[in-house]
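There are 2 protein chains.
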Amino acid sequence: MNKMRSLITGGAGFIGSHLVDKLLSKGHQVRIYDNLSSGKEEFLHHHGENIELVVGDLLDLERLTAAMQDIDMVWHLAANPDIRLGTRVTDTDLRQGTVATYNVVEAMRLSGVKNIAFASSSVVYGEAKVMPTPEDYAPLFPISLYGASKLAGEALLTSWVGTFGLKCWIFRFANIVGARGTHGVIFDFIHKLKADPKRLEVLGNGRQEKSYMEVEDCAMAMIHIVEGQDEDINCFNLGSGDTCSVRRIAEIVVEESGLQNVSIEYTGGDRGWAGDVPKAMLAVDRLLATGFNPSFDSEASIRHTVRRLIEEIGL
Amino acid sequence: MNKMRSLITGGAGFIGSHLVDKLLSKGHQVRIYDNLSSGKEEFLHHHGENIELVVGDLLDLERLTAAMQDIDMVWHLAANPDIRLGTRVTDTDLRQGTVATYNVVEAMRLSGVKNIAFASSSVVYGEAKVMPTPEDYAPLFPISLYGASKLAGEALLTSWVGTFGLKCWIFRFANIVGARGTHGVIFDFIHKLKADPKRLEVLGNGRQEKSYMEVEDCAMAMIHIVEGQDEDINCFNLGSGDTCSVRRIAEIVVEESGLQNVSIEYTGGDRGWAGDVPKAMLAVDRLLATGFNPSFDSEASIRHTVRRLIEEIGL
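Same order as they appear, the protein sequences are chains G and R.
The first sequence: position 65 = 65 (my numbering), numbered continuously.
For my numbering, add 1000 to where a residue sits in the second sequence, where the first one is 1.
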């Protein structure tokens, strides 16, 4: 891949900031567009003057369009990171997901930018009847509002491909975990143990089981695929090909915490909340066929992440 | 099906007004929610006092929620009917499709209505590689902005099913044609011949080929499936199982017009406009398996419609 000028939406966030690290290490120029609602400037401090940060909201189409100036490629990662929030506030994913993604592709059209990589999610598969679930699985019936916004985002991209000549890379992420994580089950467990070192409450029966991918693997896989795959629409699952249960995650967190006599308690039920997919396992044959090999499987991703987040959060 | 109190969005429109006819003829109560942007009160006049018409916009969530009072079932048919418009005004389908559908399911949540039928479209399949295209075809990469809004709408419905306990019937329509049509290729051809009886310009090479369904068949099929199918998510292609080419439609329009020596001229290219799907053929095995049989195949639907629209438009 020639040196690119990239715009990364959500580039100050968890996955975005790792993508920024990797793009810079390959010599690309990076501009970040982030409203710092869940992203943090400290995730970028180590780059000093080597990056450009535009603090702006995706719902500000004018500012976003201006930020597209001289850009070769957009990496659209910004989104509401809290899937569960949709059960309480129903327009979050519509606005920060669907409408925001509309603004991204519209700003690209207005400024002539042609290439976009998009952080979609395996939750577009809903409760899939085929596992491991391949990219051409159907029907696509997401059960969370977050999942609906990701499928809507994919459709906006492909319609801009078909109507306005965009080229897109759609990445359906497994659960991405790693350093700088600000949400998710590992993050929650560590905070719970910090508040009460004797007791760890787990939502559901702990048998929920999902594919995990370490965040640096994820960022490298995205770049690897954009470099090597050149269809008008390129759609890839990004995961590690196996799964880890919530029960196992709880055990690993307790092991790595060094705490003794922690009681792990389950609230019961087959899922953590309405809209939570109890089991997800991604087929990653297409990813592996590109020559990419993740460094970590699901359980190793979890353990690596637990160690990093215990360092960051403290226990 | 017990007698229902139905709310029909877009009930004054082309398909909606036929659905109103059929629901009333089965003894159901009908309330219509329509902003009359493309719907027409004259499509409902024959019902006199037997219907209730609320003139309102789907973007007015408060008014929409109030209109859900005492409703058992929503039939959500309102949408921008002009697919091609997305190539010029890019936020039409986002607002009148995706955001409007969000408002519909949100108003249902707020008022406790649990059942919804949704007019989706075969354009969610994009340029499908399998024909006839079944309901579980993937990947779903719509190429028009209208198609993106329909897929986004489906995903909103399924996420409300998974998160808030809705039940939904998703209908992926073929090209629906018939009396009261206000858009589409037949409507356009008749208007063109009215303006110039010697020459008929066809966008593209005329080899575009799609499934057509007659609008009364469509309305009856929707009711038939809602009556008989009871999953949480029920997804059906609605079409007639074959196709008709644009070239053949042009010939039928000219035949039925009674005009002599009409020159049919093609602008060339494999599609009418960017985002137009050149070929679409729906698998209707699931529909037929419910015991429903369309009265017309694609070509008969076209000829029937040409006759009705020539009466309505005049030539």
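Here a beta-carbon is modelled for each residue, glycine too, at the ideal position from N, C-alpha and C.
| Asked | Found |
| --- | --- |
| Considering only the alpha carbon of each residue, which of R:Pro1139, R:Arg1084, R:Val1177, R:Val1306 lies closest to Glu1214 (chain R)? | R:Val1177 |
| Could you check how far apart the C-beta atoms of Phe324 (chain G) and Ile249 (chain G) are, in whole angstroms? I think they sit under 8 Å. | The structure shown has nothing for residue 324 (chain G), since chain G only spans 1 to 315. |
| State the DSSP-derived secondary structure class of Phe1141 (chain R), mapped to helix, strand or coil. | coil |
| Output, in sequence order along the chain, the residues in the region 1137 to 1160 of chain R whose CB is closer than 7 Å to any CB in chain G. | Tyr1137, Ala1138, Pro1139, Leu1140, Phe1141, Pro1142, Ile1143, Ser1144, Leu1145, Gly1147, Ala1148, Leu1151, Ala1152, Ala1155, Leu1156, Thr1158, Ser1159 |
| Which word fits Val1030 (chain R), buried or exposed, when buried means at least 16 other C-beta atoms lie within 10 angstroms of its C-beta? | buried |
| Since Asn344 (chain G) contacts Trp169 (chain G) with CB under 8 Å, what's their CB separation in whole angstroms? | A question about residue 344 (chain G) goes unanswered here, because the residues of chain G that appear run from 1 up to 315. |
| Could I get the ranges of all uninterrupted alpha helix (DSSP H) runs contained in the region 81 to 134 of chain G, with 4 residues as the minimum, in chain order? | 100 to 111 |
| Would you say Asp1217 (chain R) and Ser1295 (chain R) are within 8 Å of each other, going by their C-beta atoms? | yes |
| For Ser1257 (chain R) versus Leu1315 (chain R), is the C-beta distance shorter than 8 Å? | yes |
| Closer than 8 Å, CB to CB, is Glu106 (chain G) near chain R or not? | yes |
| Using three-state DSSP, classify Arg1180 (chain R) as helix, strand or coil. | coil |
| Check each residue of the region 67 to 86 of chain G: if its Cβ is closer than 8 Å to any Cβ of chain R, include it; give the result in chain order. | Gly86 |
| In this structure, what does DSSP give as the bridge partners for Glu265 (chain G)? | G:Glu201 |
| Check for me: the alpha helix (DSSP H) holding Phe1292 (chain R) runs from which residue to which? | Phe1292 (chain R) -> no alpha helix (DSSP H), and no H or E assigned at all. |
| What does Glu62 (chain G) reach in chain R if we use C-beta pairs closer than 8 Å? | Chain R residues near Glu62 (chain G): none, gap ~14 Å exceeds 8 Å. |
| Quick one: any contact between the region 136 to 149 of chain G and the region 1258 to 1269 of chain R, if contact means 3 or more CB pairs under 8 Å? | no |
| Ala274 (chain G) CB to nearest chain R CB: under 8 Å? | yes |
| Which residues of chain G have a Cβ atom closer than 9 Å to the Cβ of Thr1090 (chain R), listed in chain order? | Tyr102, Val105, Glu106, Arg109, Trp160, Thr163, Phe164 |
| Tell me which residues of the region 1116 to 1136 of chain R have at least one Cβ-Cβ distance to chain G shorter than 7 Å, keeping chain order. | Gly1126, Glu1135, Asp1136 |
| Please work out which residues of its chain come closer than 8 Å, Cβ to Cβ, to Met108 (chain G), disregarding the five sequence neighbours upstream and downstream, and give them in chain order. | Met68, Val74, Lys114, Ile116, Trp160, Leu166 |
| Going by DSSP, what residue range makes up the alpha helix (DSSP H) through Arg207 (chain G)? | Arg207 (chain G) -> no alpha helix (DSSP H), and no H or E assigned at all. |
| Could you say which of G:Asn237, G:Glu201, G:Thr163, G:Thr182 lies nearest to Pro132 (chain G) if we only look at CA atoms? | G:Asn237 |
| Provide the residue span of the alpha helix (DSSP H) that contains His1018 (chain R), from first to last. | 1014 to 1025 |
| Please report the distance separating the alpha-carbon of Val130 (chain G) from that of Val123 (chain G). | 14 Å |
| At what residues does the beta strand (DSSP E) containing Ile32 (chain G) begin and finish? | 29 to 34 |
| To which residues of the same chain is Leu1200 (chain R) closer than 8 Å at the C-beta, ignoring the five residues directly before and after it? | Phe1189, Lys1192, Leu1193, Ala1250, Val1253, Val1254, Val1262, Ser1263, Ile1264, Glu1265 |
| Note down, in chain order, every chain G residue with its Cβ under 7 Å from the Cβ of Thr1098 (chain R). | Thr98, Ala152 |
| Under 8 Å, Cβ to Cβ, is there at least one residue of chain G near Cys1235 (chain R)? | yes |
| Determine, using beta carbons only, whether Val1055 (chain R) and Asn1080 (chain R) come nearer to each other than 8 Å. | no |
| For chain R, find out if any of its Cβ atoms is closer than 8 Å to the Cβ of Leu238 (chain G); answer yes or no. | no |
| Within the 8 Å Cβ cut-off, does Leu1330 (chain R) reach chain G? | Look at the range of chain R in this structure, 1001 to 1315, and you will see that residue 1330 (chain R) is not part of it. |
| Mind listing the chain R neighbours of Leu282 (chain G)? Cutoff is C-beta to C-beta under 7 Å, in chain order. | None at all; the shortest Cβ gap to chain R is about 15 Å. |
| Determine the direct distance from the alpha carbon of Leu157 (chain G) to that of His1304 (chain R), and round the result to whole angstroms. | 38 Å |
| So, at 8 Å on beta carbons, what are the nonlocal neighbours of Ser1006 (chain R) in its own chain, with the 5 sequence-adjacent residues on each side left out? | Leu1023, His1028, Gln1029, Val1030, Arg1031, Ile1071, Asp1072, Met1073, Val1074, Trp1075 |
| Rounded to a whole number of angstroms, what is the C-alpha to C-alpha distance between Arg308 (chain G) and Glu41 (chain G)? | 19 Å |
| List the residues of chain G whose Cβ lies closer than 8 Å to the Cβ of Glu1203 (chain R), in chain order. | According to the sequence provided, residue 1203 (chain R) is Leu. The question's Glu does not apply to it. None at all; the shortest Cβ gap to chain G is about 15 Å. |
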